[in-house]
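Going by this note's numbering, the sequence shown opens with residue 110, and the numbers climb by one from there. Note that CB positions come from ideal geometry on N, CA and C, so glycine has one too. Nothing here was measured: the structure is a model prediction, and the numbers come from that model. Reviewing the structure listed below.
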Amino acid sequence: MHFETRAIRVGQEPDPATGAIIPPIYATSNFQRHSIDQQEGYSYSRVSNPTRAAVEQCLAALENARYGLLFASGMAAEVALLGLLRPGDHVVCTRDVYGGTISMWKHLAPQRGVSVSYANLLDLDAAAAAIQPNTRMLWLESPTNPLTYVLDIPALAELGRQHNLLVVIDNTFATPYLQNPLEMGVDVVVHSVTKYLGGHSDILGGALVFNRDDLYEPLWDQQAIGGAVLSPFESWLLLRGMKTLAVRMRAHCENALRVARFLAEHPKVARVLYPGLPDHPQHELAKRQMRGFGGMIAVSLKTDRAGVDRFCQSLRLFSLASSLGGVESLVGYPATMSHEGLTEAERLERGITDNLVRLSVGIEHPDDLIADLAQALERL
Ligand SMILES: *Cc1c(COP(=O)(O)O)cnc(C)c1O
Numbered sequence: 110m111h112f113e114t115r116a117i118r119v120g121q122e123p124d125p126a127t128g129a130i131i132p133p134i135y136a137t138s139n140f141q142r143h144s145i146d147q148q149e150g151y152s153y154s155r156v157s158n159p160t161r162a163a164v165e166q167c168l169a170a171l172e173n174a175r176y177g178l179l180f181a182s183g184m185a186a187e188v189a190l191l192g193l194l195r196p197g198d199h200v201v202c203t204r205d206v207y208g209g210t211i212s213m214w215k216h217l218a219p220q221r222g223v224s225v226s227y228a229n230l231l232d233l234d235a236a237a238a239a240i241q242p243n244t245r246m247l248w249l250e251s252p253t254n255p256l257t258y259v260l261d262i263p264a265l266a267e268l269g270r271q272h273n274l275l276v277v278i279d280n281t282f283a284t285p286y287l288q289n290p291l292e293m294g295v296d297v298v299v300h301s302v303t304k305y306l307g308g309h310s311d312i313l314g315g316a317l318v319f320n321r322d323d324l325y326e327p328l329w330d331q332q333a334i335g336g337a338v339l340s341p342f343e344s345w346l347l348l349r350g351m352k353t354l355a356v357r358m359r360a361h362c363e364n365a366l367r368v369a370r371f372l373a374e375h376p377k378v379a380r381v382l383y384p385g386l387p388d389h390p391q392h393e394l395a396k397r398q399m400r401g402f403g404g405m406i407a408v409s410l411k412t413d414r415a416g417v418d419r420f421c422q423s424l425r426l427f428s429l430a431s432s433l434g435g436v437e438s439l440v441g442y443p444a445t446m447s448h449e450g451l452t453e454a455e456r457l458e459r460g461i462t463d464n465l466v467r468l469s470v471g472i473e474h475p476d477d478l479i480a481d482l483a484q485a486l487e488r489l
């Protein structure tokens, strides 16, 4: 089955009890047992719930994977992976990574005796050099947040395999529509389903998707015993969102390319980073490993922090807000929003300068989005 069909059909047989075409929201904490010996079937919704199970099956199918586990947020899914590590273990993490992931390594990893090194994974030699005898996990994100750098996923997965590391990738920006990292050798894909998979900025959720049978039990323990599971209602909204992922992503990609081209020509713009532009440092790599370039753009403006604030406040369609991946366009200021947990030195080392904004290009009409950016740039 093709992607679009899987998104609409997998896990979504008509409800056996009533014939309902849409899987119901099983808003129940518990399920009746037929006997004291019953082992199969549903028992308690933290452990499993039919609405959640439907979405887990569908999401796994979108990544061409065997297993999908849903969590209460993207960070809950990430913390479940931290739960696989033991005191003394070490992680190599891409330097350019979601701010919440940095906070997890900074605040939660030390409590568990886990140490972390950041490496510039755009450079394969630097990646190899960061691996220590006690390294257990290699953490990737591509395209990266906020600068949209693209990592060589097959090469890094191979490096991880050679060193017997668990290779993890945060696939939130690309979504399974644009890239399937498990097919490039990665062990576990993480999603914040809050973003494109949900697609409408109305839920929080996270997911782990993988093929390895030996990972199922330990990760299921993290989900079912850890208890940060996705609720039936949010599972249902997620499934509803996922049905249109393909058409939304096509529109996001098309709009973002038009917006990126407009910005690249504008005299008040210092630099545009979008994997779909030929001058993006990893444009050729992005063309090889992605089916499209996504909806996220990093833009440096020719102004100072006050000018950026004027720009953000002048925008009428791009709302100044955290998060991304919804149908509506957003502008974010990484320095005080997604990456506010970093010190100034940590920010600057990652290229998160005071004149950098991040656009999540929605699926409004592109002419309206460009007109909005044009009028706000006049106010710099
Ligand atoms: C938002 C986000 C997360 C965290 O997800 P939550 O659902 O907010 O917990 C992780 N990675 C990336 C790339 C994100 O954008």
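- Under the 8 Å Cβ criterion, the region 116 to 129 counts as touching the region 149 to 166, having at least three qualifying pairs.
- In this structure, Val417 is the residue among Val417, Arg195, Leu433 with its C-alpha nearest to the C-alpha of Leu465.
- In terms of Cα proximity to Leu178, the closest of Val200, Asn229, Gly315 is Gly315.
- Arg459 carries a coil assignment under DSSP once its states are collapsed to helix, strand and coil.
- Taking C-alpha positions only, Gln220 is separated from Ala266 by approximately 28 Å.
- In this structure, the CA atom of Gly208 is about 34 Å from the CA atom of Tyr135.
- The C-beta separation of Asn243 from Gly197 comes to about 6 Å, placing the pair in contact by the 8 Å criterion.
- Not one heavy atom of ligand 1 falls within 7 Å of the beta-carbon of Asp476.
- The way I'd put it, the region 449 to 462 doesn't touch the region 432 to 441; fewer than three beta-carbon pairs between them come closer than 8 Å.
- By the criterion of at least three beta-carbon pairs nearer than 8 Å, the region 290 to 302 is in contact with the region 272 to 282.
- Per the C-alpha coordinates, the member of Leu347, Phe282, Gln331, Tyr227 positioned closest to Ile131 is Leu347.
- The alpha-carbon separation between Ala444 and Ile461 amounts to approximately 6 Å.
- Judged by beta-carbon spacing, Phe282 lies within the 8 Å limit of Gly403, meaning their Cβ atoms are closer than that value.
- Residue ranges of uninterrupted beta strand (DSSP E) with 3 or more members, entirely inside the region 236 to 285 and ordered along the chain, are 244 to 250, 275 to 279.
- C-alpha of Thr137 to C-alpha of Arg456: approximately 45 Å in a straight line.
- Taking a C-beta distance under 8 Å as the contact criterion, Ile406 and Leu468 qualify as a contact pair.
- The Cβ atoms of Trp345 and Thr127 do not sit closer than 8 Å to each other.
- For Val299, there is no enclosing alpha helix (DSSP H); the enclosing beta strand (DSSP E) has its first and last residue at 297 to 301.
- In terms of Cβ geometry, Asn364 and Ile472 form a close pair [threshold 8 Å].
- Here the distance from the Cβ of Ser251 to the nearest heavy atom of ligand 1 is not below 7 Å.
- The Cβ neighbour count for His389, taken over all protein chains shown within 10 Å, is at least 16; the residue is labelled buried.
- One alpha carbon belongs to Ala169, the other to Ala454, and they sit about 39 Å apart.
- Just measuring C-alpha positions, the residue of Gly183, Ala238, Gly441, Ala360 sitting nearest Cys421 is Gly441.
- Fewer than three pairs of CB atoms, one per stretch, sit closer than 8 Å, so the region 221 to 233 makes no contact with the region 375 to 382.
- Scanning its chain for C-beta atoms nearer than 7 Å, with the 5 sequence neighbours on each side dropped, one finds around Arg321 the residues Asp296, in chain order.
- Beta-bridge analysis with DSSP links Val225 to Val200.
- In summary, Met351 is buried, with 16 or more beta-carbon neighbours lying within 10 Å of its beta-carbon over all protein chains present.
- Tyr305 and Pro341 have their C-alpha atoms some 19 Å from each other.
- The beta carbons of Leu354 and Gly308 sit about 7 Å from each other, so the pair counts as a contact at 8 Å.
- Tyr153 has Asn139 as its beta-bridge partners, per DSSP.
- Leaving aside the five residues that flank Ser409 on each side, the residues in its chain whose CB is nearer than 6 Å to its CB run, in chain order, Ala379, Arg380, Asn464, Leu465.
- Within its own chain, the residues whose Cβ lies closer than 6 Å to the Cβ of Asn173, once the five positions on either side in sequence are excluded, are Asn289, listed in chain order.
- When Gly269, Val188, Phe112 are compared, the shortest CA-CA separation from Gly336 is found for Val188.
- Taking the Cβ of Gly222 as the reference point, every heavy atom of ligand 1 lies at 7 Å or farther away.
- In the DSSP annotation of this structure, the continuous segment of the beta strand (DSSP E) that includes Met405 starts and ends at 405 to 410.
- Residue pairing by DSSP places Leu465 opposite Ser409 in a beta bridge.
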